[in-house]
Amino acid sequence: MKLLLVEDNPAMQTTLQRTFQRRGMQVVTCDDGARALDRWRASVPDVVVLDLNLPGLDGLQVLAAARAEGLATPVLILTARGTVGDRILGLNTGADDYLPKPFDLDELEARIRALARRSAPELASPEFCGLRADAVSGAIYLRGEVLELPPREAALLRALLAQAGSAVAKERLTELVFPGEDRVQAEAIEVVAYRLRKRLADTGAQLVTLRGLGYLLKAGA
Numbered sequence: 006m007k008l009l010l011v012e013d014n015p016a017m018q019t020t021l022q023r024t025f026q027r028r029g030m031q032v033v034t035c036d037d038g039a040r041a042l043d044r045w046r047a048s049v050p051d052v053v054v055l056d057l058n059l060p061g062l063d064g065l066q067v068l069a070a071a072r073a074e075g076l077a078t079p080v081l082i083l084t085a086r087g088t089v090g091d092r093i094l095g096l097n098t099g100a101d102d103y104l105p106k107p108f109d110l111d112e113l114e115a116r117i118r119a120l121a122r123r124s125a126p127e128l129a130s131p132e133f134c135g136l137r138a139d140a141v142s143g144a145i146y147l148r149g150e151v152l153e154l155p156p157r158e159a160a161l162l163r164a165l166l167a168q169a170g171s172a173v174a175k176e177r178l179t180e181l182v183f184p185g186e187d188r189v190q191a192e193a194i195e196v197v198a199y200r201l202r203k204r205l206a207d208t209g210a211q212l213v214t215l216r217g218l219g220y221l222l223k224a225g226a
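Numbered per the numbering used here, the sequence shown finishes at 226, counting up by one with no gaps.
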């Protein structure tokens, strides 16, 4: 899922960006209302999280301009303005949801994913050896049952399932499993792969190391 986060508070922006990157989202950020529309057009996000108190243009002005242009991306307004009148104004301007500050991160994530589900086309997630990664929630299923995995192992398996049967470079997998982390040792992805390989032992899928290339998910013999 690609998220456009328009928030001018540096601490809030950094916290949300890191949190949602760790939870498997691609996050594009913007801290200025005047540039928000450009980012919106360029990033083609699945959901926009929009603060109202922005420099350049107010969040409601950004939203009104986007809707006038035909940008139909679902928008969740995130703001300290929490009165009923403010909520009604935001929704009438074209917002799809409204969450006042302060808020719970888990609730914010649930609302974002709900907006993405409602707007996304119904796409069948392909299966591989009974494994399937839900395109919206990110949950992984094994023969219809949720497969409980630690976050990094789940991120690695999602990346491999997206290209099952093909080699995926170690560098690319490191970016997906450790998003936004600049000081990751090269061996870190090997540790995650080792743990995931053990968890896949009885699934029928096999995680293979291709020296010099990366990793490959294939059907077990």
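Just so it is clear, CB atoms sit at the ideal spot from N, CA and C, and this is done for glycine as well. Values in this document were obtained by computation on a predicted structure and should not be read as measured data.
(1) Which residue comes first and which comes last in the beta strand (DSSP E) that contains residue 214?
(2) In whole angstroms, what separates the C-alpha of residue 27 from that of residue 34?
(3) Can you tell me the Cα-Cα spacing of residue 127 and residue 151, whole angstroms?
(4) How should residue 106 be labelled, buried or exposed, when 16 other C-beta atoms within 10 angstroms of its C-beta is the threshold for buried?
(5) What are the residues that DSSP puts in a beta bridge with residue 150?
(6) Would you report the Cα separation of residue 156 and residue 197, rounded to the nearest angstrom?
(7) Helix, strand or coil for residue 3 per DSSP?
(8) State the beta-bridge partners of residue 184 as determined by DSSP.
(9) Are three or more beta carbon pairs between the region 8 to 22 and the region 45 to 57 nearer than 8 Å?
(10) Evaluate the contact criterion for the region 161 to 173 versus the region 212 to 224: three or more CB pairs, one atom per stretch, below 8 Å.
(11) Which of the three DSSP states, helix, strand or coil, is assigned to residue 138?
(12) Given a threshold of 16 other Cβ atoms within 10 Å of its Cβ, counted over all protein chains shown, does residue 22 qualify as buried or as exposed?
(13) Measuring alpha carbon to alpha carbon, tell me which of 203, 41 and 178 ends up nearest residue 192.
(14) Are the CB atoms of residue 12 and residue 36 nearer to each other than 8 Å?
(15) Keeping to the same chain, check which residues put their C-beta closer than 6 Å to that of residue 62; ignore five residues upstream and five downstream.
Working from what's here:
(1) Looking at the DSSP string, the run of the beta strand (DSSP E) that includes residue 214 is 210 to 215.
(2) For residue 27 and residue 34, the distance between alpha carbons rounds to 15 Å.
(3) With a pLDDT of 46 at residue 127, under the threshold of 50, the predicted position of this residue should be treated as unreliable, though the coordinate-derived value follows. The C-alpha of residue 127 lies about 20 Å from the C-alpha of residue 151.
(4) When all chains shown are included, residue 106 counts as exposed.
(5) In the DSSP output, where bridge partners are listed per residue, residue 150 has 147.
(6) Spanning the two alpha carbons is a distance of roughly 10 Å.
(7) Since the first residue of the chain shown is 6 and the last is 226, residue 3 is not available in this structure.
(8) Bridge partners of residue 184: none, in fact.
(9) Touching, yes.
(10) Note that the region 161 to 173 touches the region 212 to 224; at least 3 beta-carbon pairs, one per stretch, sit closer than 8 Å.
(11) In the displayed model, residue 138 falls within a strand according to three-state DSSP.
(12) Residue environment: residue 22 is assigned as buried (16 or more neighbouring CB atoms within 10 Å of its CB, all protein chains considered).
(13) Comparing Cα positions, the closest option is 178.
(14) The answer is yes: Cβ separation under 8 Å.
(15) Contacts found: 38 and 39.
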